[in-house]
Amino acid sequence: MAAVGFLFILLPMAWACAPQKADYVMVSCFPNAIIANVPECPYGWEIGQLSLGGVCYTGINTPGFYRFTIPDLTPKNNSYCGTLSEYVGGKDPRYIFSNSIVSNDSSLTVRNQPVNYTFSCTYKAAYLVNNAVFSQRVATVYVNNGSLGSFKSQLSMNVFTNSKFLYAKDTPYIIDTSEIGSEVFIGIEAKGLSNRFKVVITNCWATPTPYSTDRKRWTLILNSCSLDTTVTIFENAKDSRSIFKFNSFRFQRLEKVSTVWLHCEVQVCDGEKLFCQPTPCTSRSTEFEPDPNGGILTTEFQVREQRNV
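Numbering (the numbering used here), first residue to last: 1195 to 1503.
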């Protein structure tokens, strides 16, 4: 019996995770959810000892990280796992959602440095659509990194004037019906992050409504590969910006002013911990595979019939 007891003392020590000293949190602000990733085993804390908002032990272990997800951003439900929602009015009304990932140990003695990863996401209220779903082209992230201080990061999707990708156009981007078929240049960029983080475009598609789940859709990029013959992917998963182009179009049997909504599923990948480059397209699956680490950015195009002068 003594030998059995000795084994029980040793096993937890053998299974304990290797402490990580990296003190940062990667936050993705997306239309329907917020995803926060912290390095696995921060300062020796295991996944079961970290909670979202000090309430929910819902974290899951992914390669190199512990991931926590806030799946409901409805402003009225501002208490999901301790999530707080603040509405800021004025000329630029917006919603700010905030929460934190904290350590909690019920044992008598605590031997690990306590952690508190506080983060928030800001959304423009003007981008609110039905059911308070955030359909937007810009996601702003505010992160408190503990000992590293704080920074502001912005993940955005913009339309550029030409293939040099130097100047972004205002939204909504307007295309005359006589210009249908012209080239559209898209850039998705993460600002405020170090070079270790790569922007990866996994899927892009267009719908006649703001809803990315609309069954009427036209797929441009599938699993990081061009599906539309007019799509050219210039850069993807190489650095903090991924860029591509496609030929403009409109949906049939719609009114003279047609709005096309472009949706791109994107993730931010830590290049120092993970291999971020997509696999070659020749060996890729042709079925839609949603990225569990990603979220969707949206921008709109208005196709208008030329007016007689």
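Yeah, the Cβ is synthetic: ideal placement off N, Cα and C, and Gly gets one too.
Whose C-beta lies closer than 6 Å to the C-beta of residue i among residues of the same chain, with five residues either side of it excluded?
| i | result |
| --- | --- |
| residue 1429 | 1436, 1437 |
| residue 1411 | 1399, 1401 |
| residue 1536 | Residue 1536 lies beyond the residue range present for the chain, which begins at 1195 and ends at 1503; the question has no answer from this structure. |
| residue 1352 | 1362, 1381 |
| residue 1229 | 1222, 1263 |
| residue 1476 | none |
Since residue i sits in a beta bridge, which residues does DSSP pair it with?
| i | result |
| --- | --- |
| residue 1381 | 1352, 1437 |
| residue 1227 | In the DSSP output, where bridge partners are listed per residue, residue 1227 has none listed. |
| residue 1413 | 1399 |
| residue 1239 | Beta-bridge pairing links residue 1239 to no other residue. |
| residue 1310 | 1296 |
Leaving out the 5 sequence neighbours to the left and right, which residues in its chain are closer than 8 Å to residue i when beta-carbon positions are compared?
| i | result |
| --- | --- |
| residue 1390 | 1464, 1465, 1466 |
| residue 1199 | Confidence at residue 1199 is low in this model, with a pLDDT of 38, below 50, so its placement is unreliable and the value that follows should be read with caution. Answer for residue 1199: no residue qualifies. |
| residue 1276 | 1246, 1247, 1248, 1249, 1250, 1293, 1294 |
Please check the pair residue i and residue j, which I expect to be a contact at CB under 8 Å, by giving their CB distance rounded to whole angstroms.
| i | j | result |
| --- | --- | --- |
| residue 1231 | residue 1261 | 5 Å |
| residue 1456 | residue 1398 | 7 Å |
| residue 1493 | residue 1413 | Not really, about 17 Å apart at Cβ, beyond 8 Å. |
| residue 1159 | residue 1311 | In the structure as shown, the chain starts at 1195 and stops at 1503, and residue 1159 therefore has no counterpart that could be examined. |
For residue i, count the other beta carbons within 10 Å of its own beta carbon; 16 or more makes it buried, fewer makes it exposed. Which is it?
| i | result |
| --- | --- |
| residue 1446 | exposed |
| residue 1392 | buried |
| residue 1434 | buried |
| residue 1409 | exposed |
| residue 1317 | buried |
| residue 1247 | buried |
| residue 1331 | Only weak support is given to the placement of residue 1331: the predicted model assigns it a pLDDT of 46, under 50, and the value that follows is read from those uncertain coordinates. It is buried - the Cβ of residue 1331 has at least 16 other Cβ atoms within 10 Å. |
| residue 1207 | Because the pLDDT of residue 1207 is 40, which lies under 50, any placement of that residue in the model is unreliable, and the number read from its coordinates should be weighed accordingly. With fewer than 16 Cβ atoms within 10 Å of its Cβ, residue 1207 is classed as exposed. |
Within a Cβ cutoff of 7 Å, which residues of the same chain sit near residue i, ignoring the five residues on either side of it in sequence?
| i | result |
| --- | --- |
| residue 1314 | 1290, 1291, 1292, 1336 |
| residue 1251 | 1242, 1245 |
| residue 1239 | 1297, 1306, 1309 |
| residue 1359 | 1379, 1381, 1437 |
| residue 1440 | 1378, 1414, 1422, 1424, 1425 |
| residue 1384 | 1347, 1349, 1391, 1393, 1434, 1462 |
| residue 1403 | 1455 |
Could you give the residue range of the beta strand (DSSP E) that holds residue i?
| i | result |
| --- | --- |
| residue 1278 | 1278–1282 |
| residue 1369 | 1367–1370 |
| residue 1400 | 1391–1401 |
| residue 1218 | Counting along the chain, residue 1218 falls outside any beta strand (DSSP E), and DSSP gives it neither H nor E. |
| residue 1429 | 1426–1429 |
| residue 1157 | This structure cannot speak to residue 1157, because the chain is shown only from 1195 to 1503. |
| residue 1261 | 1259–1264 |
| residue 1254 | 1254–1256 |
| residue 1245 | 1244–1246 |
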